[in-house]
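Numbering (the working numbering), first residue to last: 2 to 82. Glycine included, C-beta positions come from ideal geometry on N, C-alpha and C. The model shown is predicted, which means the values in this text are computed figures rather than measured ones.
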């Protein structure tokens with residue numbers, strides 16, 4: 002089976018802007034919308050344009066910090082670079 006060169010398999014997408022704004026986006030915009038959307042302990046989310054995944058990781062950990070009993074189905078999406 003052919004394999005990709007290491008340089009193509011270990012690409013890490015960094016986003017300083019995403020790191021900077023992940024907290025305010027969660028606290029001000031999403032938390033008031035997402036947490037009330039939990040129904041019977043379940044939450045389903047389709048995240049459009051997930052990019053580097055910085056926001057996905059932060060939002061998921063923030064939700065679980067608020068309530069560890071939420072069953073989360075999160076689908077980050079983004080076209081391949």
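Where does residue i land, buried or exposed, given buried means 16+ other C-beta within 10 angstroms?
{"i": "residue 55", "result": "buried"}
{"i": "residue 14", "result": "exposed"}
{"i": "residue 19", "result": "buried"}
From residue i to residue j, what distance separates their C-alpha atoms?
{"i": "residue 24", "j": "residue 33", "result": "13 Å"}
{"i": "residue 57", "j": "residue 77", "result": "7 Å"}
{"i": "residue 63", "j": "residue 37", "result": "14 Å"}
Less than 6 Å between C-beta atoms, sequence neighbours within five positions excluded: which residues of the same chain meet that for residue i?
{"i": "residue 44", "result": "71, 73"}
Keeping to the same chain, check which residues put their C-beta closer than 7 Å to that of residue i; ignore five residues upstream and five downstream.
{"i": "residue 60", "result": "27, 31"}
Looking only at its chain, what residues have a beta carbon closer than 8 Å to the beta carbon of residue i, apart from the 5 residues adjacent to it on each side?
{"i": "residue 50", "result": "78, 79"}
{"i": "residue 39", "result": "68, 71"}
{"i": "residue 65", "result": "71, 73"}
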